[in-house]
Amino acid sequence: MSICLNWRLYLVESNTKRVIIVGIPGVGKTTVISRAAEFLRQKGHNTTVVVFGSLMFEESKEMKLKNRDEMRKLSVEEQRRLQDKVANRIATIKGDFVIIDTHLLINTDEGYYPGIPMHLLETIKPTNLVMIAADPQEILNRRSKDESRKRDIRPEIDVQNELDISRVMIACCSVVSGCPFLTIMNNNNEIDKTALTLANVVLGNTGTI
Numbered sequence: 131m132s133i134c135l136n137w138r139l140y141l142v143e144s145n146t147k148r149v150i151i152v153g154i155p156g157v158g159k160t161t162v163i164s165r166a167a168e169f170l171r172q173k174g175h176n177t178t179v180v181v182f183g184s185l186m187f188e189e190s191k192e193m194k195l196k197n198r199d200e201m202r203k204l205s206v207e208e209q210r211r212l213q214d215k216v217a218n219r220i221a222t223i224k225g226d227f228v229i230i231d232t233h234l235l236i237n238t239d240e241g242y243y244p245g246i247p248m249h250l251l252e253t254i255k256p257t258n259l260v261m262i263a264a265d266p267q268e269i270l271n272r273r274s275k276d277e278s279r280k281r282d283i284r285p286e287i288d289v290q291n292e293l294d295i296s297r298v299m300i301a302c303c304s305v306v307s308g309c310p311f312l313t314i315m316n317n318n319n320e321i322d323k324t325a326l327t328l329a330n331v332v333l334g335n336t337g338t339i
């Protein structure tokens, strides 16, 4: 009986493509993802977008946090517990494409904490990893104009360091998970171009838009 159930679960996982999209604050990741999902749905693909941070915030209700940005102040152990809960929820989502919007690193009081550590990769089982990037100065400009979030305004060199660390981390995630990774630049005034590139990456060898 258990063998049959495990085989059926394997088939479901094989039919659902899970793509993790990452990027430091200010690269325009969420906007690009939303537009790419529109392109995919217009072509009739069952596409679900999951914002990892929003689900973590839902799971943290008992902690009485005021907003998502306060989660960075939680201890590493508390963040790990929330991550595990969210990863298990995501692993049950079915469809053609499940796009996970998250961050590669979280700047905590204890240092940088990985947004997708190995135990999360093992649970979610992504098929692709994509990093959205941008010029450091463009990132700073976008952060300064974003009134919807409580952003930490940092020097340009810190932004460049975060981009460099992110590139190393996504390569490590690719090695651990065995899935391909790609970096896509999101330049100013090129949202549709960037989103179209992302949508085609998600489609893979199943077609193009």
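131 is the number of the first residue of the sequence shown in the working numbering; add one for each residue after it.
Beta carbons: idealized from backbone N, C-alpha and C, even for Gly.
Computed from a predicted model, the values in this text were never measured in an experiment.
Euclidean distance between Cα positions of residue i and residue j
i	j	result
P256	P285	33 angstroms
A294	S190	Correcting the residue identity first, residue 294 is Asp in this sequence and not Ala. Approximately 30 angstroms between the Cα atoms of the pair.
V181	S205	21 angstroms
G174	T222	21 angstroms
S184	V157	18 angstroms
M193	P244	21 angstroms
D226	P155	28 angstroms
L312	V305	13 angstroms
E240	K203	9 angstroms
S274	A166	25 angstroms
F187	G334	32 angstroms
L251	T178	18 angstroms
V260	I236	17 angstroms
A217	N319	33 angstroms
L195	N145	37 angstroms
L141	R272	With a pLDDT of only 41 at L141, under 50, the local geometry of the prediction cannot be trusted, and the value read off the model is given with reservation. The alpha-carbon atoms of L141 and R272 are separated by roughly 42 angstroms.
P247	K323	30 angstroms
S296	D199	19 angstroms
N330	R211	34 angstroms
Counted within 10 angstroms of its Cβ, other Cβ atoms place residue i as buried (16 or more) or exposed
i	result
Q213	buried
K224	exposed
L292	Reading off the sequence, residue 292 comes out as Glu, not Leu. Buried, because 16 or more other Cβ atoms sit within 10 Å of the Cβ of E292.
H233	buried
T336	exposed
N316	buried
V147	Looking at the sequence provided, one finds Lys at residue 147 rather than Val. The residue in question, K147, is buried, as its Cβ has 16 or more Cβ neighbours within 10 Å.
P266	buried
Q209	buried
I287	exposed
C134	Bear in mind that the predicted position of C134 carries a pLDDT of just 45, short of 50, making it unreliable; the figure below should be weighed with that in mind. Flag for C134 reads exposed.
V298	exposed
M201	buried
6 angstroms Cβ shell around residue i - same chain, five flanking residues per side excluded
i	result
V149	I229, N258 and V332
A264	V157 and N316
R171	T177
CB contact flag (residue i, residue j, <8 angstroms)
i	j	result
V152	I300	yes
I220	I254	yes
I269	V289	yes
Own chain partners of residue i with C-beta closer than 8 angstroms, once the 5 adjacent residues on each side are dropped
i	result
T160	V181 and D231
C341	Here the chain has residues from 131 to 339 only, and residue 341 is not among them.
Own chain residues within Cβ distance below 7 angstroms of residue i, not counting five before or after
i	result
L326	F169 and I339
Length at least 4, wholly inside the region 313-337: the alpha helix (DSSP H) runs in chain order: Here the runs fully enclosed are 321-333.
Whole alpha helix (DSSP H) elements within the region 229-300, 4-residue minimum: Taking only runs of at least 4 residues, the alpha helix (DSSP H) segments lying wholly in the region 229-300 are 248-254 and 266-275.
Minimum length 3: unbroken beta strand (DSSP E) runs contained in the region 157-244: As far as the region 157-244 is concerned, its whole beta strand (DSSP E) runs of at least 3 residues are 177-181, 227-231, 235-238 and 241-244.
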